[in-house]
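Data block below; observations after.
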């Protein structure tokens with residue numbers, strides 16, 4: 001995009017699609033104010049768009065200087081025109097254009113920036129035909145996006161890369177609600193949002209997981225206060241980042257932001273092997289996070305409580321006071337991947353290195369477990385500079401500080417496409433129990449979970465399958481400790497209890 005001349009309320013657009021419609025050009029200016037005139041030059045694939053004020057035109061040009069304007073996924077070149085205003089004739093083409101402008105302005109009715117075409121309920125002439133806009137009243141330029149089966153990390157930047165393929169994204173807000181990663185994405189107009197919804201709803205970002213559920217939001221505009229890793233207003237690059245948490249030692253701001261959602265840093269992205277179904281990421285040319293390609297899977301876990309006998313590693317337990325007494329009694333890290341090796345640091349017994357099967361599993365564990373409270377302390381989890389946890393050389397003892405679990409029969413993610421990928425959720429106060437034998441009832445399970453000193457606040461068997469149940473603890477910390485204590489607990493009759501975090505509450 002170029003802006004060689006002085007600001008003008010007339011904007012020159014070039015390299016437009018040959019069959020572009022008037023409304024598509026008008027929609028580019030609508031988020032920034034009132035469009036007062038339009039001159040289409042279809043033979044040259046160009047147009048002149050006139051805004052109501054120079055300030056509105058400047059806002060539009062400044063925005064598209066940071067985000068490439070796209071119409072039908074084709075880049076459009078934009079610059080200020082030398083004309084200060086447009087003077088048009090009464091040709092049939094211009095009559096059609098003016099009718100379209102009047103219809104848009106009638107429904108826009110002085111709406112504020114960021115709420116274009118809200119409540120449209122009219123019909124406007126487009127491209128020689130009638131485009132029915134009735135029914136748009138229930139639609140919004142803002143989409144609500146829920147990411148289900150969040151096995152691989154999804155960030156604001158990933159969402160922007162996907163959704164900007166269908167039109168210019170103005171604003172994005174990401175958040176977690178009901179233990180689900182969600183986002184609000186605002187486009188310039190409801191038509192673009194509608195096209196995007198139809199294209200992306202139900203698609204997977206990565207193979208077999210990270211499914212997009214896209215619906216219209218009740219909001220017609222987003223209010224973004226900060227530009228950071230959680231929210232972004234692409235029309236306001238001047239916004240501050242707001243207050244950020246102090247970065248972990250040795251991590252710069254970019255790495256900290258990436259770690260917040262488990263996004264690997266540049267150099268850690270790998271091409272992902274897509275199946276024949278062709279997912280959204282594949283069609284959109286999005287690089288997906290690969291399973292271990294180029295990214296080490298070793299985590300540094302610190303701030304462990306040295307007064308507690310065991311260090312939990314998703315599947316296994318290290319005893320701090322007697323490191324040689326490793327037992328298969330804990331499965332916390334195991335919730336998010338397969339643990340290969342664990343090493344308690346010799347000089348820092350409250351620190352451990354945990355090697356996962358690959359970098360993606362490590363990132364997933366880090367994004368979910370960093371900051372989680374365990375035995376009165378908040379865990380600090382970060383990517384380690386080490387690429388592997390070294391086993392002691394033969395004949396050299398390390399006092400049992402290092403254990404190898406590569407051949408453990410307890411790994412849950414060995415099989416590609418395992419259904420365990422679909423049941424990964426952040427730590428919560430409610431636990432999902434499965435593999436319950438018929439002879440074990442509600443009181444038995446409540447009594448079992450109370451033996452650790454935790455308080456059970458609610459319990460419910462699944463109505464259609466009494467092999468599964470939900471149990472709610474008094475806090476997330478108690479739930480974490482209960483998962484560690486009772487996952488794989490022997491309930492008799494060759495049934496070992498399976499415990500994981502639940503996305504539901506009782």
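Numbering (the UniProt record's numbering), first residue to last: 1 to 506. Note that CB positions come from ideal geometry on N, CA and C, so glycine has one too. Note that the coordinates shown come from a computational prediction; the quantities given were computed from them, not determined experimentally.
Per-residue DSSP class, three states only, for residue i
{"i": "residue 440", "result": "coil"}
{"i": "residue 32", "result": "helix"}
{"i": "residue 458", "result": "strand"}
{"i": "residue 336", "result": "helix"}
{"i": "residue 368", "result": "helix"}
{"i": "residue 174", "result": "strand"}
{"i": "residue 240", "result": "coil"}
{"i": "residue 21", "result": "coil"}
{"i": "residue 468", "result": "coil"}
{"i": "residue 197", "result": "helix"}
{"i": "residue 408", "result": "coil"}
{"i": "residue 163", "result": "helix"}
{"i": "residue 448", "result": "helix"}
{"i": "residue 480", "result": "helix"}
{"i": "residue 6", "result": "coil"}
Status (buried if at least 16 other CB within 10 Å, exposed otherwise) for residue i
{"i": "residue 30", "result": "buried"}
{"i": "residue 18", "result": "exposed"}
{"i": "residue 498", "result": "buried"}
{"i": "residue 186", "result": "buried"}
{"i": "residue 393", "result": "exposed"}
{"i": "residue 496", "result": "exposed"}
{"i": "residue 230", "result": "buried"}
{"i": "residue 469", "result": "buried"}
{"i": "residue 153", "result": "buried"}
{"i": "residue 411", "result": "buried"}
{"i": "residue 82", "result": "exposed"}
{"i": "residue 37", "result": "buried"}
{"i": "residue 215", "result": "exposed"}
{"i": "residue 358", "result": "buried"}
{"i": "residue 85", "result": "exposed"}
{"i": "residue 151", "result": "buried"}
{"i": "residue 164", "result": "buried"}
Alpha-carbon spacing of residue i relative to residue j, whole angstroms
{"i": "residue 16", "j": "residue 43", "result": "10 angstroms"}
{"i": "residue 40", "j": "residue 52", "result": "18 angstroms"}
{"i": "residue 147", "j": "residue 213", "result": "6 angstroms"}
{"i": "residue 140", "j": "residue 240", "result": "27 angstroms"}
{"i": "residue 91", "j": "residue 14", "result": "22 angstroms"}
{"i": "residue 59", "j": "residue 11", "result": "12 angstroms"}
{"i": "residue 47", "j": "residue 220", "result": "28 angstroms"}
{"i": "residue 178", "j": "residue 490", "result": "31 angstroms"}
{"i": "residue 444", "j": "residue 242", "result": "49 angstroms"}
{"i": "residue 168", "j": "residue 400", "result": "57 angstroms"}
{"i": "residue 481", "j": "residue 347", "result": "26 angstroms"}
{"i": "residue 502", "j": "residue 420", "result": "13 angstroms"}
{"i": "residue 200", "j": "residue 391", "result": "46 angstroms"}
{"i": "residue 423", "j": "residue 194", "result": "30 angstroms"}
{"i": "residue 228", "j": "residue 369", "result": "21 angstroms"}
{"i": "residue 205", "j": "residue 71", "result": "23 angstroms"}
{"i": "residue 159", "j": "residue 453", "result": "43 angstroms"}
{"i": "residue 513", "j": "residue 50", "result": "A query on residue 513 cannot be resolved here, the shown segment of the chain reaching from 1 to 506 and no further."}
{"i": "residue 7", "j": "residue 197", "result": "35 angstroms"}
{"i": "residue 102", "j": "residue 33", "result": "14 angstroms"}
{"i": "residue 448", "j": "residue 456", "result": "10 angstroms"}
{"i": "residue 431", "j": "residue 176", "result": "18 angstroms"}
8 angstroms contact criterion, which residue i and residue j should meet: CB distance rounded
{"i": "residue 492", "j": "residue 437", "result": "7 angstroms"}
{"i": "residue 300", "j": "residue 384", "result": "4 angstroms"}
{"i": "residue 172", "j": "residue 188", "result": "Not really, about 14 angstroms apart at Cβ, beyond 8 angstroms."}
{"i": "residue 353", "j": "residue 389", "result": "5 angstroms"}
{"i": "residue 341", "j": "residue 403", "result": "7 angstroms"}
{"i": "residue 97", "j": "residue 22", "result": "5 angstroms"}
Option nearest residue i by Cα separation, candidates the options
{"i": "residue 505", "options": "369, 145, 479 and 52", "result": "479"}
{"i": "residue 364", "options": "217, 461, 391 and 297", "result": "297"}
{"i": "residue 405", "options": "177, 337, 429 and 472", "result": "337"}
{"i": "residue 64", "options": "35, 190, 143 and 234", "result": "234"}
{"i": "residue 80", "options": "57, 102, 97 and 91", "result": "57"}
{"i": "residue 477", "options": "232, 348, 374 and 82", "result": "374"}
{"i": "residue 74", "options": "61, 24 and 304", "result": "24"}
{"i": "residue 303", "options": "454, 350 and 343", "result": "350"}
{"i": "residue 439", "options": "360, 458, 432 and 466", "result": "466"}
{"i": "residue 344", "options": "88, 238, 62 and 305", "result": "305"}
{"i": "residue 99", "options": "159, 35 and 162", "result": "35"}
{"i": "residue 236", "options": "61, 198 and 192", "result": "61"}
{"i": "residue 433", "options": "386, 488 and 457", "result": "488"}
{"i": "residue 462", "options": "442, 447, 448 and 387", "result": "442"}
{"i": "residue 458", "options": "472, 379 and 449", "result": "472"}
{"i": "residue 217", "options": "55, 93, 143 and 500", "result": "143"}
{"i": "residue 166", "options": "190, 45 and 450", "result": "190"}
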